[in-house]
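A.B. asks:
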Amino acid sequence: MRKIFITAHSMEIGGAERSLLGLLENIDYKKYQVDLFLLRHSGELITSVPKEVNLLPECLSYSTMGIPIREALKKRQFRVVLGRIHGWMRAKRRVKKLKLSRDNNIFNEYSHKYTMWTMPNMSDKVYDLAVSFMAPHYYVIGKVKAKKKVAWIHTDYSTFQVDWQSEAVMWGQYDRIISLSDKVTDSFLAVFPKLKEKVVVIENIMPMHYVEKLVNACSVEKEIPKFDGINLLSIGRFSYPKNFDNIPEICKLILKKEEKIRWYIIGFGGDEMLIRRQIESTGMQEHVFILGKKDNPYPYIKACDIYVQPSRYEGKSIAVREAQMLGKLTIITNYATAASQLRDGYDGVIVPRDNIGCANGIYEVIKNEEMRDYICQNMKKEDYVSAGEIQKFYELMND
Numbered sequence: 011m012r013k014i015f016i017t018a019h020s021m022e023i024g025g026a027e028r029s030l031l032g033l034l035e036n037i038d039y040k041k042y043q044v045d046l047f048l049l050r051h052s053g054e055l056i057t058s059v060p061k062e063v064n065l066l067p068e069c070l071s072y073s074t075m076g077i078p079i080r081e082a083l084k085k086r087q088f089r090v091v092l093g094r095i096h097g098w099m100r101a102k103r104r105v106k107k108l109k110l111s112r113d114n115n116i117f118n119e120y121s122h123k124y125t126m127w128t129m130p131n132m133s134d135k136v137y138d139l140a141v142s143f144m145a146p147h148y149y150v151i152g153k154v155k156a157k158k159k160v161a162w163i164h165t166d167y168s169t170f171q172v173d174w175q176s177e178a179v180m181w182g183q184y185d186r187i188i189s190l191s192d193k194v195t196d197s198f199l200a201v202f203p204k205l206k207e208k209v210v211v212i213e214n215i216m217p218m219h220y221v222e223k224l225v226n227a228c229s230v231e232k233e234i235p236k237f238d239g240i241n242l243l244s245i246g247r248f249s250y251p252k253n254f255d256n257i258p259e260i261c262k263l264i265l266k267k268e269e270k271i272r273w274y275i276i277g278f279g280g281d282e283m284l285i286r287r288q289i290e291s292t293g294m295q296e297h298v299f300i301l302g303k304k305d306n307p308y309p310y311i312k313a314c315d316i317y318v319q320p321s322r323y324e325g326k327s328i329a330v331r332e333a334q335m336l337g338k339l340t341i342i343t344n345y346a347t348a349a350s351q352l353r354d355g356y357d358g359v360i361v362p363r364d365n366i367g368c369a370n371g372i373y374e375v376i377k378n379e380e381m382r383d384y385i386c387q388n389m390k391k392e393d394y395v396s397a398g399e400i401q402k403f404y405e406l407m408n409d
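Residues 11 to 409, numbered by this note's numbering, are exactly what the sequence shown covers, in order.
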């Protein structure tokens with residue numbers, strides 16, 4: 011049997027994590043042995059990892075990378091703390107030299123880069139393929155032995171600033187770099203054009219068994235009650251890229267034309283108080299509702315009328331693909347990679363990103379029942395699981 015090593019930071023409820031679950035669901039375990047290394051053994055999805063996967067023990071050094079330095083000191087991880095502080099100081103100087111804005115990825119990158127020397131090996135085995143599925147990508151380079159090494163890109167590189175010289179060295183040590191779509195590839199190569207020959211597109215593989223098992227697991231009528239209007243739903247981390255802080259204003263603009271609308275938001279994160287303040291300041295308390303973190307979002311998708319992803323930017327949204335899998339009409343904003351997510355007017359709708367344009371676009375979809383029926387019929391013809399992409403994954407070992 012060929013041996014595969016995969017690493018990720020955890021199995022929290024997130025798009026990349028659900029994509030990883032889809033990959034693990036579709037591997038042929040009669041031919042491949044998979045070791046999974048998680049930096050932290052946490053997250054609601056960890057119980058859904060297939061039983062055939064060998065989950066390697068948690069290592070204290072790696073698990074302290076995602077916690078405050080004060081907590082890491084309490085755990086006596088002095089070498090890791092030293093590396094993190096060194097990385098922070100180097101990053102601070104680099105950001106100043108490059109005159110970058112606060113919206114950059116250098117502090118994260120340098121934290122990983124300058125702690126690699128403090129970390130033990132992730133495994134003592136030699137693998138046919140080692141996969142760094144989620145950042146940090148430095149550790150697979152130096153802490154895993156494998157014949158081939160690949161790393162995944164999950165984000166749009168046009169949306170934040172990086173130290174391209176430093177990252178180019180890291181990415182260049184991988185045999186292949188996996189992109190989710192052509193648009194994600196374009197944004198990556200705009201920063202790292204010399205890495206073009208290393209990039210391969212493998213679309214997200216959806217965890218269909220996981221979704222089917224959970225979609226009818228519970229009733230959500232108390233939280234999303236039926237009424238004679240339109241229920242909208244958005245899912246994601248409460249963070250700047252998702253743009254949920256603008257939902258109350260967009261909803262208010264729609265309500266000027268359409269009285270019967272409610273907008274529900276599922277998720278968690280640092281922007282929750284900002285979103286709540288926006289709900290209050292716009293007077294949307296009876297129309298925009300935060301449902302919080304949900305281990306199982308699928309009954310909520312099923313209960314809504316339209317799924318909306320109002321993001322400022324995305325790599326390729328798993329929540330959008332899940333809504334399409336469940337046959338739910340989907341609207342997304344015109345972020346840079348939107349065209350790789352769906353076909354506008356065929357299996358979803360793309361609306362402008364600004365609040366007025368977004369509101370007008372959603373309103374037009376609500377009023378156009380014929381278009382909604384047409385799109386829903388088209389979605390039934392499409393394969394949103396993308397199980398065939400697993401063959402591209404196998405080919406990485408023979409490339």
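Note that CB positions come from ideal geometry on N, CA and C, so glycine has one too.
Buried or exposed: which applies to Ile276, given that a residue is buried once 16 or more other Cβ atoms fall within 10 Å of its Cβ?
C.D. replies: When all chains shown are included, Ile276 counts as buried.
A.B. asks: Does DSSP classify Ser291 as helix, strand or coil?
C.D. replies: Helix.
A.B. asks: Suppose the cutoff is 8 Å on Cβ atoms and the five residues either side in sequence are ignored; what does the same chain contact list for Ala200 look like?
C.D. replies: Taken in chain order, the residues that qualify are Tyr167, Ser168.
A.B. asks: Determine, using beta carbons only, whether Ile215 and Glu399 come nearer to each other than 8 Å.
C.D. replies: Closer than 8 Å, so yes.
A.B. asks: Between which two residues does the alpha helix (DSSP H) carrying Tyr149 extend?
C.D. replies: 148-153 is the extent of the alpha helix (DSSP H) around Tyr149.
A.B. asks: For Leu70, collect the residues of the same chain with a Cβ closer than 6 Å to its Cβ; drop the 5 residues on either side in sequence, then sort them by chain order.
C.D. replies: So no residue of the chain qualifies.
A.B. asks: Nearest-angstrom Cα distance between Glu177 and Gln171?
C.D. replies: So the alpha carbons of these two residues sit roughly 11 Å apart.
A.B. asks: Taking only three categories from DSSP, how would you classify Gly279?
C.D. replies: In this structure, Gly279 counts as coil in the three-state DSSP scheme.
A.B. asks: Ends of the beta strand (DSSP E) at Ala140?
C.D. replies: It spans 136-142 - the beta strand (DSSP E) in which Ala140 sits, taken as one unbroken run.
A.B. asks: From Met407 to Asn36, what does the alpha carbon distance come to, in whole angstroms?
C.D. replies: Whole-angstrom Cα-Cα distance: 16 Å.
A.B. asks: Measure from the alpha carbon of Asn370 to the alpha carbon of each residue in Val141, Asn114, Thr74, Glu268, then state which is nearest.
C.D. replies: Nearest option by C-alpha distance: Glu268.
A.B. asks: Give a yes or no on contact between the stretch 11-30 and the stretch 131-150, applying the rule of three or more CB pairs nearer than 8 Å.
C.D. replies: Contact between the stretch 11-30 and the stretch 131-150 is present, because at least three Cβ pairs lie under 8 Å.
A.B. asks: Which residue marks the beginning of the beta strand (DSSP E) containing Asn115, and which one marks its end?
C.D. replies: From DSSP, Asn115 is part of no beta strand (DSSP E); its letter is neither H nor E.
A.B. asks: Just how far apart, CA to CA, sit Val361 and Arg331?
C.D. replies: Answer to the nearest angstrom: the Cα atoms are 17 Å apart.
A.B. asks: Let me know the alpha helix (DSSP H) ranges lying completely inside the stretch 228-281, each 4 residues or longer, listed in chain order.
C.D. replies: Counting whole runs of 4 or more residues, the stretch 228-281 contains the alpha helix (DSSP H) stretches 257-265.
A.B. asks: DSSP three-state call for Phe198: helix, strand or coil?
C.D. replies: Of the three classes helix, strand and coil, the one that applies to Phe198 here is helix, per DSSP.
A.B. asks: Which partner residues does Val361 have in the DSSP bridge list?
C.D. replies: Answer is Thr343, bridged to Val361.
A.B. asks: How far does the alpha helix (DSSP H) with Gly25 in it extend, from its first residue to its last?
C.D. replies: It spans 25-36 - the alpha helix (DSSP H) in which Gly25 sits, taken as one unbroken run.
A.B. asks: Can you pull the DSSP bridge partners for Ser189?
C.D. replies: Per DSSP, Val211.
A.B. asks: Work out the CA separation of Gly337 and Asp305 for me, nearest whole Å.
C.D. replies: Each residue's alpha carbon lies about 21 Å from the other.
A.B. asks: Determine which residues share a DSSP beta bridge with Asp409 and list them.
C.D. replies: Paired residue(s): none; Asp409 is not in a bridge.
A.B. asks: Ordered along the chain, which non-local residues of its own chain (more than five positions away) have a Cβ less than 6 Å from that of Phe299?
C.D. replies: Excluding sequence neighbours, Phe299 sits near Tyr274.
A.B. asks: When DSSP labels each residue in this structure, what does Asn378 get in the three-state scheme?
C.D. replies: DSSP places Asn378 in coil when its eight states are reduced to three.
A.B. asks: Would you mind sorting Val90 into buried or exposed? The rule is 16 or more other CB atoms within 10 Å of its CB.
C.D. replies: Classification of Val90: buried, given that the 10 Å Cβ count is 16 or more.
A.B. asks: Smallest Cα separation from Lys377: which of Phe198, Tyr323, Tyr42, Ile316?
C.D. replies: When only C-alpha atoms are compared, the closest one is Ile316.
A.B. asks: Below 8 Å, how does it come out for the stretch 210-227 and the stretch 242-258: are there three or more Cβ pairs, yes or no?
C.D. replies: The stretch 210-227, when compared against the stretch 242-258, does not touch it at the 8 Å Cβ threshold.
A.B. asks: Can you tell me whether DSSP reads Phe170 as helix, strand or coil?
C.D. replies: Coil, per DSSP.
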